[in-house]
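Trainee: Residues 2 to 331 in this note's numbering are what the sequence shown lists, from first letter to last. Note that the Cβ used here is the ideal one computed from N, Cα and C, for glycine as well.
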Amino acid sequence: MITTFQQHISLKQQEITSEDSAALLKLMSGITLAAKMIEAKIRRASLSGLVGEDGGVNSHGESQQKLDIYANDALIHCLGMHDAAAVLISEENNEPIISDKATETSKYAIFFDPLDGSSNIDVNVNVGTIFSIYRIDQSVEEIVGRLTLHPGICQVAAGYVLYGPSTVLAYTSGNGVHLFTLDPTIGSFVLSGENLKMPNRGRYYSCNEANIDEFPAHYEAYLSRLRTSDPGESYSSRYVGSLVADFHRTLLRGGIFLYPPTTAHPEGKLRLLYEASPLAFIAEQAGGMAINGEQSILRIQPTSVHQRTPLVIGGCSEVELFLVHASQPA
Ligand code: P6P
Numbered sequence: 002m003i004t005t006f007q008q009h010i011s012l013k014q015q016e017i018t019s020e021d022s023a024a025l026l027k028l029m030s031g032i033t034l035a036a037k038m039i040e041a042k043i044r045r046a047s048l049s050g051l052v053g054e055d056g057g058v059n060s061h062g063e064s065q066q067k068l069d070i071y072a073n074d075a076l077i078h079c080l081g082m083h084d085a086a087a088v089l090i091s092e093e094n095n096e097p098i099i100s101d102k103a104t105e106t107s108k109y110a111i112f113f114d115p116l117d118g119s120s121n122i123d124v125n126v127n128v129g130t131i132f133s134i135y136r137i138d139q140s141v142e143e144i145v146g147r148l149t150l151h152p153g154i155c156q157v158a159a160g161y162v163l164y165g166p167s168t169v170l171a172y173t174s175g176n177g178v179h180l181f182t183l184d185p186t187i188g189s190f191v192l193s194g195e196n197l198k199m200p201n202r203g204r205y206y207s208c209n210e211a212n213i214d215e216f217p218a219h220y221e222a223y224l225s226r227l228r229t230s231d232p233g234e235s236y237s238s239r240y241v242g243s244l245v246a247d248f249h250r251t252l253l254r255g256g257i258f259l260y261p262p263t264t265a266h267p268e269g270k271l272r273l274l275y276e277a278s279p280l281a282f283i284a285e286q287a288g289g290m291a292i293n294g295e296q297s298i299l300r301i302q303p304t305s306v307h308q309r310t311p312l313v314i315g316g317c318s319e320v321e322l323f324l325v326h327a328s329q330p331a
C-alpha cells in the first residue's frame, strides 16, 4: 500500500512531539504543490514557449530563464497560502519577502533556490528546487529591519525536488532522509525510499574539471589521488552541471561532489543558505559529510542571505581523505 508525503510527515511527526509538526505539514504541502506546478510546466516547456531566457536578470545580475520566474512565483504563492511562513528568501529576489499571510504567530523562514540549473532546461537536462526551513523568533517588524541568520545546524527541515526521468523529492526533518516519487497517475508524492544511507565509499567524483587549473593546489592533488586509486577501486568522473542531479547521484551511489574556489568565484559559486546548507543537512542525515573545504557547512554562521561558499560533499571516506590532503603543507 502506498504512503504519500503528507501521510509520512504526519506519521513521522507523531514520533517527535514537536511544535513544528503542524507547521511542517503546511509548509511542505506548499512546497509539494509548487513542485507539481513546476514539474507540469517543465514537462511541456518546449511546447508552451517557456524555454529560454526571460530577458530579465535576477538579484545577482544573472539572466533569468522563463521557468526561473514561473518556479519562483509558484513557490512564493504556495508558501504564502499558509500562516506558518513568516518570510521567504529566494535566490531570485534580493530582499526577503514577508509572506502574504504572515502573522505574529508565523515562526518560519523558508530559503529556496526555485529552479537550480535552469540553463539546462533547453537541452532537457535535470533541474531542481532546493529548500531549507528555519524556525525564527523575530516579529515581522524585526524581520523587515534585519532577518537574523542561523547556521545550518538550526534547520528544522530541508530537501530538494529533482525534475528528471521521474520527479523525486528528498526530505529530512532531522530523522533520516526519505525519498518520494511523484506518481502522476494520482498527483501525489509517494514514499519510495526511507532512511537513506549514503555509501561510505563510492566510485564517482564530480566537479567541473575545466576549472582545475584555478583550484587550490590540494584540490588538484586530491583529484589526482582519486584518479590513481588501486585498480578495482578507481573513480570515474560524472558531472551534469546541475547541482541537484550531481548531489542526488552522490547521495544514492556515494562518491564526492566538489565546487572549489575558482578565479571567477574565489568564495565558491554555490549559495550557502539555499544550496549548500540544505544539501549538507541531507548528506549528514544520510551518514555523509559536507564541508566548505575546511569546516562543516552546517556550522558556518551566515553573514548575508546570498553569500556563497565552496562545497565538498559526499561519503565520509572521500571527504575525510580530502581533509587529509587539505591539512598537508602546500
Ligand atoms: P559550472 C547551475 O548553474 C549551478 O548553479 C549548479 O546547479 C551547478 O552545480 C553549477 O552551477 C555548475 O557551475 O561553473 O560548472 O557551470
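Alpha carbons only, please: which of GLU268, THR173 and CYS208 is nearest the one belonging to GLY315?
Mentor: Out of GLU268, THR173 and CYS208, CYS208 has the C-alpha closest to the C-alpha of GLY315.
Trainee: Kindly indicate the opening and closing residues of the beta strand (DSSP E) around GLN66.
Mentor: 64–66 is the extent of the beta strand (DSSP E) around GLN66.
Trainee: My parser needs the alpha helix (DSSP H) runs of 4 or more residues fully inside the segment 185–269; what are they?
Mentor: You should have 218–228 and 244–254.
Trainee: Under three-state DSSP, which class holds VAL169?
Mentor: Strand.
Trainee: Using 8 Å as the threshold, is the C-beta distance between THR130 and PHE112 below it?
Mentor: Cβ atoms of THR130 and PHE112: not closer than 8 Å.
Trainee: Is GLU133 near the ligand P6P - that is, is its Cβ less than 7 Å away from at least one heavy atom of it?
Mentor: A quick correction: the sequence has Ser, not Glu, at residue 133. No, the ligand P6P has no heavy atom inside 7 Å of this Cβ.
Trainee: With distances taken from CA atoms, which of GLN286, GLY269 and ALA291 is nearest ILE257?
Mentor: Closest option to ILE257, Cα to Cα, is ALA291.
Trainee: Comparing C-alpha positions only, which one of PHE181, ALA41, ARG45 and ASP231 sits nearest to MET29?
Mentor: Looking at the Cα atoms, PHE181 is the closest of the given residues.
Trainee: Count the other CB atoms within 10 Å of the CB of ILE283; is the residue buried (16 or more) or exposed (fewer)?
Mentor: Label assigned to ILE283: buried.
Trainee: Reducing DSSP to helix, strand and coil, say where SER328 ends up.
Mentor: Helix at SER328.
Trainee: Specify the secondary structure class of THR33 as computed by DSSP and reduced to three states.
Mentor: Correct three-state label for THR33: helix.
Trainee: Closest Cβ-Cβ distance between VAL306 and chain C: below 8 Å?
Mentor: The question asks about chain C, but that chain is absent: this structure has only one protein chain.
Trainee: Would you call GLU268 buried or exposed, if buried means 16 or more other Cβ atoms sit within 10 Å of its Cβ?
Mentor: Exposed is the call here.
Trainee: Given a threshold of 16 other Cβ atoms within 10 Å of its Cβ, counted over all protein chains shown, does ALA331 qualify as buried or as exposed?
Mentor: Looking at its Cβ environment, which holds fewer than 16 other Cβ atoms inside 10 Å, ALA331 is exposed.
Trainee: Cα separation between SER64 and VAL157?
Mentor: About 32 Å.
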